[in-house]
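Asks: In terms of the numbering used here, the sequence shown has 895 at position 38, counting the first letter as 1, and numbering is strictly consecutive.
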Amino acid sequence: WNFEVLGPLMGFIAHASPWSEKAKRYVKFKQRVRLTANLAGVPDEIPDGMEASIYITVFWEKAAHCDLDNLIKALTDSCFKRDRMVAQVSARRALNQEREAAIVYVTFRAKGEA
């Protein structure tokens with residue numbers, strides 16, 4: 858499966874009060890990502906006996922943006938209710954593009970399969 862999350866993109870926030878405006882924006886961002894994944898047919902749970910791989914390509918419109926690792930965490934958290942069985946995450950970024958967006962590819966394979 859693959860889907861595109863249009864900007865503005867938001868990274869995982871570690872230090873924010875639960876009901877702060879920043880935390881509320883983060884929850885809305887995660888909901889938008891999950892809705893987009895739903896429309897692409899990505900299940901909200903990793904099937905039993907399977908593990909997931911996520912490949913992300915990020916396009917940044919400007920030089921100023923959140924850290925790539927924080928965005929990866931936000932997208933991974935948004936994809937699945939429980940992301941414990943995400944076995945691999947890979948991401949690359951392109952700066953100074955005409956848009957801000959993330960393209961997310963999700964695959965499943967049997968646990969332990971190479």
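Backbone N, C-alpha and C fix where the C-beta goes; we use that ideal spot for every residue, glycine too.
Using the C-alpha atoms, what's the distance from residue 858 back to residue 899?
Replies: C-alpha separation (whole angstroms): 6 Å.
Asks: Taking only three categories from DSSP, how would you classify residue 903?
Replies: It is coil, neither helix nor strand.
Asks: Just to confirm before moving on: does the CB-CB distance between residue 867 and residue 931 stay below 8 Å?
Replies: Yes, the Cβ-Cβ distance between residue 867 and residue 931 is below 8 Å.
Asks: On the criterion of 16 or more Cβ atoms from any shown chain inside 10 Å, does residue 933 qualify as buried, or is it exposed?
Replies: Buried: at least 16 other Cβ atoms inside 10 Å.
Asks: Identify whether residue 947 lies in helix, strand or coil by the three-state DSSP scheme.
Replies: If DSSP states are grouped into helix, strand and coil, residue 947 belongs with the strands.
Asks: Are the beta-carbon atoms belonging to residue 944 and residue 909 less than 8 Å from one another?
Replies: Yes. Within cutoff.
Asks: Specify the secondary structure class of residue 916 as computed by DSSP and reduced to three states.
Replies: In the structure shown, residue 916 sits in a strand (DSSP, three-state: E or B).
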